[in-house]
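Mapping of the sequence shown onto the working numbering: position 323 corresponds to residue 325, and the numbering continues sequentially without gaps.
Report on one structure; see the data block that follows.
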Amino acid sequence: MKKVFRYLENRLLDEIKKIQKQSEIDLKSCDSELKIDAWRVKYLGRKSRLSLILKDIKNLDPAMRKSVGLSGNRIRNKCQIMLEKALNDLKLEENDQISIEDYTLPGRFNQVGKLHPVTQTLREIKKTFVSLGFQIAEGPEIEWDKYNFDMLNIPDNHPARDMWDTMWIDEEKNSSGNKMLLRTHTSPVQARIMENQDPPIRVIVPGKCYRYESTDSTHEWHFYQVEGLAVDRKLTFSDLKGTLYEFVKKIFGSDTKIRFRCDYFPFVEPGVDMSIYWEGKWLEILGAGMVHPKVFEKAGYKDPELTGFAFGMGPERIAMIKHNIDDIRLFYSNDLRFLGQF
Ligand code: FA5
Numbered sequence: 003m004k005k006v007f008r009y010l011e012n013r014l015l016d017e018i019k020k021i022q023k024q025s026e027i028d029l030k031s032c033d034s035e036l037k038i039d040a041w042r043v044k045y046l047g048r049k050s051r052l053s054l055i056l057k058d059i060k061n062l063d064p065a066m067r068k069s070v071g072l073s074g075n076r077i078r079n080k081c082q083i084m085l086e087k088a089l090n091d092l093k094l095e096e097n098d099q100i101s102i103e104d105y106t107l108p109g110r111f112n113q114v115g116k117l118h119p120v121t122q123t124l125r126e127i128k129k130t131f132v133s134l135g136f137q138i139a140e141g142p143e144i145e146w147d148k149y150n151f152d153m154l155n156i157p158d159n160h161p162a163r164d165m166w167d168t169m170w171i172d173e174e175k176n177s178s179g180n181k182m183l184l185r186t187h188t189s190p191v192q193a194r195i196m197e198n199q200d201p202p203i204r205v206i207v208p209g210k211c212y213r214y215e216s217t218d219s220t221h222e223w224h225f226y227q228v229e230g231l232a233v234d235r236k237l238t239f240s241d242l243k244g245t246l247y248e249f250v251k252k253i254f255g256s257d258t259k260i261r262f263r264c265d266y267f268p269f270v271e272p273g274v275d276m277s278i279y280w281e282g283k284w285l286e287i288l289g290a291g292m293v294h295p296k297v298f299e300k301a302g303y304k305d306p307e308l309t310g311f312a313f314g315m316g317p318e319r320i321a322m323i324k325h326n327i328d329d330i331r332l333f334y335s336n337d338l339r340f341l342g343q344f
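Shown next as structure tokens:
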């Protein structure tokens with residue numbers, strides 16, 4: 003290359019370097035959109051020095067074109083990136099200022115919590131039974147053994163009391179002949195309702211229960227139950243099955259596989275349990291049956307045509323199936339990584 007061209011090439015490359023340095027210095031003082039735009043015109047505009055150098059390349063000696071073109075385009079691209087970043091930074095800064103200073107904007111709401119998955123399931127169960135014509139009742143968690151056992155045809159010293167591992171509050175009977183306990187199931191509320199109300203009855207009773215038993219993946223020591231009781235003339239086992247089928251269809255869908263097996267509960271005759279097929283096995287979700295005549299007798303019902311059905315289901319187990327949870331203990335371990343998913 004001729005000496006004069008070499009000189010020209012070096013001068014142009016030096017100029018491009020200076021443009022780069024100056025552009026960086028100038029951009030630092032651009033604190034508004036207007037100033038940034040002026041900067042853009044100066045360094046990237048059609049009449050900017052950089053654009054003119056690049057435009058003029060075609061008139062340069064071919065030996066110089068490559069180095070000047072490469073260097074000029076590199077700086078042009080760099081300026082373009084610097085411009086986008088400056089505009090972005092400005093926008094973020096403005097947003098911050100707005101959130102601090104503009105008191106007229108509506109507040110930003112953080113999601114502070116959700117309903118516990120068991121509460122969600124309980125609400126769904128209640129809604130379903132209300133749609134089937136049931137009312138909702140409640141009863142005490144601290145209960146007399148009279149209601150938890152005696153009125154349900156489970157007298158003192160009856161071996162069936164062992165089916166419910168009980169947390170006793172009073173070991174001794176009080177002057178009325180009752181002992182206090184944490185209810186082991188929601189069935190005592192059946193007895194309380196029948197004691198105070200004449201048929202026809204259709205109620206469900208959601209509530210907490212407590213059992214003195216070791217825990218595993220399907221058993222907690224405290225858990226919910228939803229009791230169901232229907233008393234009327236000529237109710238049959240088909241009414242019980244129809245109600246439970248309808249319930250399962252609404253909660254789990256109509257393809258759900260259900261299994262009934264004979265089971266023993268002193269307050270029903272016949273008695274069954276019902277399981278749902280889930281994850282390759284059967285999971286029991288409820289016990290049920292036709293109200294035992296002795297329970298009617300203890301409640302003071304005398305009409306011989308009265309019949310009734312009852313059931314007691316576990317909402318935690320239902321929530322396990324619905325959300326595919328393989329361990330019931332997760333519900334009450336208060337792990338937000340788990341609870342946050344629902
Ligand atoms: C009873 O408690 C009866 N009172 C149910 C009943 C009511 C039968 C009315 C007949 C007529 P059982 O112990 O099987 O039965 O419990 C009923 C349901 O409560 C079980 O199917 C299960 O879903 C739930 N359950 C029982 N024990 C536990 C436990 N330890 N942890 C979680 N859920 C439980």
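Using N, Cα and C, we set each Cβ at its ideal position, and we do this for glycine too.
None of these values were measured; they are calculated from a predicted model.
{"query": "Any non-hydrogen atom of the ligand FA5 closer than 6 Å to histidine 187 Cβ", "result": "yes"}
{"query": "Alpha helix (DSSP H) segment containing methionine 322, residue limits", "result": "317 to 325"}
{"query": "Delimiting residues of the alpha helix (DSSP H) encompassing glutamine 192", "result": "190 to 198"}
{"query": "Distance cut-off 6 Å: phenylalanine 313 Cβ against heavy atoms of the ligand FA5", "result": "yes"}
{"query": "CB of glycine 135 within 7 Å of CB of arginine 204, strictly", "result": "yes"}
{"query": "Option in Glu271, Arg8, Gly209, Ala321 with minimal Cα separation from glycine 310", "result": "Glu271"}
{"query": "Backbone secondary structure at glycine 244 - three-state DSSP", "result": "helix"}
{"query": "Beta-carbon proximity of serine 240 to arginine 261, cut-off 7 Å", "result": "no"}
{"query": "beta-carbon glutamate 145 near the ligand FA5 non-hydrogen atom, thresh 6 Å", "result": "no"}
{"query": "Nearest residue (CA-CA) to serine 137, options Ala65, Leu54, Val228", "result": "The question names serine, but residue 137 in the sequence shown is glutamine. It is Val228 whose Cα lies nearest to the Cα of glutamine 137."}
{"query": "Three CB pairs or more closer than 8 Å across the region 84 to 94 and the region 29 to 44", "result": "yes"}
{"query": "Collapsed DSSP secondary structure at proline 295 in the structure displayed", "result": "helix"}
{"query": "Exposed unless 16 or more other CB atoms sit within 10 angstroms - verdict on serine 335", "result": "exposed"}
{"query": "Among Glu318, Ser133, Pro295, nearest to leucine 288 - alpha-carbon criterion", "result": "Glu318"}
{"query": "Residue of Tyr212, Gln199, Ile144, Val274 minimising C-alpha distance to threonine 168", "result": "Tyr212"}
{"query": "Spatial distance of lysine 80 from phenylalanine 111 (CA atoms)", "result": "40 Å"}
{"query": "Rounded C-alpha distance that separates phenylalanine 131 from aspartate 275", "result": "19 Å"}
{"query": "Nearest-angstrom Cβ-Cβ length linking leucine 85 and arginine 51, presumed shorter than 8 Å", "result": "Going by Cβ atoms, the distance from leucine 85 to arginine 51 rounds to 16 Å, so no, they are not a contact pair."}
{"query": "Three-state class that DSSP yields for threonine 309 in the structure shown", "result": "strand"}
{"query": "Residue closest to glutamine 22, alpha-carbon to alpha-carbon, out of Arg76, Asp265, Glu96, Ser219", "result": "Arg76"}
{"query": "Residues of its chain near glutamate 96, where Cβ-Cβ distance is below 6 Å and the 5 sequence neighbours each way are ignored", "result": "none"}
{"query": "C-alpha distance - leucine 154 paired with valine 297, whole-angstrom precision", "result": "6 Å"}
{"query": "Contact set for tyrosine 279: own chain, Cβ-Cβ below 6 Å, skip 5 residues either direction", "result": "Lys259"}
{"query": "Reduced DSSP secondary structure (H/G/I, E/B, other) of tryptophan 223", "result": "coil"}
{"query": "Cβ neighbours of lysine 236 in the same chain (closer than 7 Å, five flanking residues each side left out)", "result": "Glu307, Thr309"}
{"query": "Same chain only: Cβ atoms within 8 Å of glutamate 281, ignoring 5 sequence neighbours per side", "result": "Asn326, Asp328"}
{"query": "Pairwise C-alpha distance: isoleucine 330 and lysine 128", "result": "21 Å"}
{"query": "Unbroken beta strand (DSSP E) run spanning leucine 184, endpoints", "result": "182 to 184"}
{"query": "C-beta contact flag for valine 207 and alanine 139 at 7 Å", "result": "yes"}
{"query": "Closer than 6 Å: arginine 163 CB and nearest the ligand FA5 heavy atom", "result": "no"}
{"query": "Per DSSP, cross-strand counterpart(s) of arginine 261", "result": "Ser277"}
{"query": "Nearest to threonine 220 (by Cα), restricted to the options Ala65, Arg67, Ile320, Val293", "result": "Ile320"}
{"query": "Straight-line gap, tryptophan 146 to aspartate 158 (C-alpha atoms, nearest Å)", "result": "12 Å"}
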